[in-house]
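Remarks on the structure that follows.
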Amino acid sequence: MQRHRLTPRPDWAAKVEQLGLVWHTASGAPYWNEGACYSFTSAEIDDIEAATRTLYSMFLEAGEYVVKHQLYDRFAIPDWCQPLIAEAWKSEPPALNYGRFDLGYDGRGPPKLFEFNCDTPTSLLEAAVIQWAWKEEVFPHQDQFNSLHDQLVAKWRDIGPYLAPHTPIHFAHARESTGEEAVTTAYLMDTARAAGIATQDILISDIGWDGRRFVDLERREIRTLYHLYPWEWLVKEPFGRHLIDTRDRTLWIEPIWKMIWSNKAILPILWDLFPRHANLLWATRDKPASDSFAMKPILAREGANIRLVRGGREIAAKDGAYASAPVIYQGLYDLPDFEGARPVIGSWIVDGEPAGIGVREDGLITGNLARFAPHVMG
Amino acid sequence: MKFDAAKLAAVLAASAAVLSGCGRHDTTNQNCAESGQRRADGTCTDGHTGGGHGGVGYVGGGSSGQTADAGVARGGFGGTAGDGGGHGGGAGGE
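Below, the structure written as structure tokens:
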């Protein structure tokens, strides 16, 4: 694993915008960073791919364990959601079942899991499309670990026959100003259309309730709903309870059981089930005996409210809106340091199949101003 | 890698279509009818998101707060979202 400095294409911003990446710059600095790229050997990609596959299997077991032993309280999941989760876990409704494992990796030791972003993962367009187009132009004779687009289309094609007929899938996201969530959602719509599925976009706040059904702005019933909007928010909002009323009418993609996998409370359970596994960092719910750890809220996003402590001394911390949330403690991992850029590997998976990687670089904590750097392999 | 040129072209076409309706930052207020209609998050008070929107319209035109139109209540989802101001999950992504 190496980091290479490059000269960005002179018209890089226009080129990535043309592909939909309109949020390429944040706070005056490039978010899309083609001033550098990472290269991986085939053996290193094999390591990441194998770890991703293994971690997925472990999450399956951990999910089964949580449902069987009804450990929902550890996840701060409301009581009324629990039967819905158990039911969805057992019945396995159609889903993309995609996500991004965030891994620590330095090319020497085994990849180590930080978390699994599998409810509303972003950096999808960057990983699936933008970095591939960059590689085709800049390094056309090299390869890239990236079959994400194809796997998403294939998965839509797989589940299409099981979705409500004669009605589109609605794709919902929240309003925000950068365009990131709108375009990420639009990209997923495109993958569904490529599989022959009709689609309809809608803002999450425009979803209507007519007393017995969720409806769109045309008052059509929403039968299948993809949502780039977290489950833990949905269930606490005014329409949340209607999930019970519509459990047999509206299919949610991703399913509500993702509240288990996407929650960092799963990490101590994984460590209990697979102690000292090579792809895990130790994790515990209680303050550890060790004086070196990462403290993470179970539901925080973008690195918010994470504290890193080494030898009893805080070495990094981020503010955020999750200060009062339950926390877990996780072993520290020394991210490789490339002239101050510390990369985290986002390893994508679609229904159990590793699908490629994206690399984001930041400091000790990967937050919302991390930069995405493309990669090549071989 | 199974992502071939034809598939890439299809994605590019779709992304370009989306781009016509979404996302560019507008620092000039030209897409709000009045500069005073601009909110801190870049949207306009008439419901349009600033910056080139109005084409495909994936972002603009939403409701805020709970409203009802002839027996249909809206706004019962989406109230938690805040604009993160960065990337990688501003409003709801992770």
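Sequence lines, in order, name chains U and A. Its first residue numbered 2, the first sequence is counted upward by one per residue in the numbering used here. Its first residue numbered 5, the second sequence is counted upward by one per residue in the numbering used here. For each residue, glycine too, the CB sits at the ideal point set by N, CA and C. These figures come from a predicted structure and were not determined experimentally.
C-alpha distance - Asn369 of chain U paired with Ser28 of chain U, whole-angstrom precision: Within the first sequence, the letter at position 368 stands for residue 369 of chain U. Within the first sequence, the letter at position 27 stands for residue 28 of chain U. When the Cα atoms are used, Asn369 of chain U and Ser28 of chain U turn out to be separated by approximately 11 Å.
Any C-beta of chain A under 8 Å from that of His5 of chain U: For the purposes of this step, residue 5 of chain U is taken as the residue at position 4 of the first sequence. Chain A, which has no Cβ nearer than 8 Å to the Cβ of His5 of chain U, makes this no.
What's the C-alpha gap between Leu7 of chain U and Leu365 of chain U? Within the first sequence, the letter at position 6 stands for residue 7 of chain U. Within the first sequence, the letter at position 364 stands for residue 365 of chain U. Each residue's alpha carbon lies about 23 Å from the other.
Comparing the C-beta of Gly79 of chain A with each C-beta of chain U, is any distance below 8 Å? Here the question's residue 79 of chain A lines up with position 75 in the second sequence. Chain U, which has a Cβ nearer than 8 Å to the Cβ of Gly79 of chain A, makes this yes.
Kindly indicate the opening and closing residues of the alpha helix (DSSP H) around Arg54 of chain U. The count along the first sequence starts at 1 and reaches residue 54 of chain U at position 53. Where Arg54 of chain U is concerned, the enclosing alpha helix (DSSP H) stretches over Ser43 to His70.
Of the residues that make up the region 224 to 246 of chain U, which ones have a beta carbon closer than 9 Å to any beta carbon in chain A? Residues His228, Leu229, Tyr230, Pro231, Glu233, Trp234, Leu235, Lys237, Glu238, Pro239, Phe240, Gly241 and His243.
Whole angstroms are fine: how far does the CA of Leu97 of chain U sit from the CA of Ala195 of chain U? Residue numbering aside, residue 195 of chain U sits at position 194 when the first sequence is read from its first letter. Residue numbering aside, residue 97 of chain U sits at position 96 when the first sequence is read from its first letter. In a straight line, the C-alpha of Ala195 of chain U is about 14 Å away from that of Leu97 of chain U.
With DSSP as the reference, please indicate the residues paired to Trp90 of chain U in a beta bridge. Within the first sequence, the letter at position 89 stands for residue 90 of chain U. Note: Trp90 of chain U sits in no beta bridge, so no partner.
Can you tell me whether His150 of chain U is buried or exposed, with buried defined as 16 or more other CB within 10 angstroms of its CB? Counting from one through the first sequence, the residue named residue 150 of chain U turns up at place 149. Answer is buried; the Cβ neighbour count reaches 16.
Which one or two residues does DSSP pair with Ala318 of chain U in a beta bridge? In the first sequence, counting from the first residue as 1, residue 318 of chain U sits at position 317. According to DSSP, Ala318 of chain U bridges with U:Arg308.
Lys113 of chain U, enclosing beta strand (DSSP E) - first and last residue: Indexing the first sequence from 1 puts residue 113 of chain U at position 112. Residues Lys113 to Asn118.
Candidates U:Met260, U:Phe275, U:Tyr334 and U:Leu281, of which the one nearest Ile299 of chain U by Cα: Counting from 1 along the first sequence, the entry for residue 299 of chain U is found at position 298. Nearest C-alpha to Ile299 of chain U among U:Met260, U:Phe275, U:Tyr334 and U:Leu281: U:Met260.
Rounded straight-line distance, which links the Cα of Glu138 of chain U to that of Ala165 of chain U: Here residue 165 of chain U refers to the residue found at position 164 of the first sequence. Here residue 138 of chain U refers to the residue found at position 137 of the first sequence. In a straight line, the C-alpha of Ala165 of chain U is about 41 Å away from that of Glu138 of chain U.
Euclidean distance between Cα positions of Thr200 of chain U and Arg224 of chain U: Here residue 200 of chain U refers to the residue found at position 199 of the first sequence. Here residue 224 of chain U refers to the residue found at position 223 of the first sequence. When only Cα atoms are considered, Thr200 of chain U and Arg224 of chain U end up about 12 Å apart.
Would you say Pro298 of chain U reaches chain A, if we count a Cβ-Cβ gap shorter than 8 Å as a contact? Here the question's residue 298 of chain U lines up with position 297 in the first sequence. Using beta-carbon distances, Pro298 of chain U does not count as an interface residue toward chain A, since no partner is under 8 Å.
Neighbour list for Pro162 of chain U in chain A, Cβ cutoff strictly below 7 Å: Working through the first sequence from its first residue, we reach residue 162 of chain U at position 161. Residues of chain A passing the Cβ test: none, with the nearest at roughly 22 Å.
Taking 8 Å as the CB-CB limit, is Gly40 of chain A close to chain U? Taking the first residue of the second sequence as 1, we reach residue 40 of chain A at position 36. Bear in mind that the predicted position of Gly40 of chain A carries a pLDDT of just 40, short of 50, making it too unreliable to give a figure here.
Among the residues of its own chain, which have a CB less than 8 Å from the CB of Ile160 of chain U, if the five just before and after it don't count? As a first step, residue 160 of chain U must be located in the first sequence, where it is residue number 159. Take Ile160 of chain U, set aside five residues on each side of it, and the residues of its chain with a beta-carbon closer than 8 Å to its own are Pro95, Ala96 and Leu97, in chain order.
Sort out for me which residues DSSP pairs Gly100 of chain U with in a bridge. Position 99 of the first sequence, counted from the start, is the residue given in the question as residue 100 of chain U. In DSSP, Gly100 of chain U forms a bridge with U:Ile350.
Give me the chain A residues within the contact set of His174 of chain U, using Cβ-Cβ distance strictly less than 7 Å, ordered along the chain. The residue given as residue 174 of chain U occupies position 173 in the first sequence. For the C-beta of His174 of chain U, the chain A residues within less than 7 Å are, from N- to C-terminus, Gly96.
Between Gly212 of chain U and chain A, is there a C-beta pair that is closer than 8 Å? What you label residue 212 of chain U is simply residue 211 of the first sequence in a count that begins at 1. A Cβ of chain A is located within less than 8 Å of the beta carbon of Gly212 of chain U.
Give the residues of chain A in contact with Gly209 of chain U, contact being defined as C-beta atoms less than 7 Å apart. For the purposes of this step, residue 209 of chain U is taken as residue 208 along the first sequence, with counting starting at 1. Result: Val76, Ala77 and Arg78.
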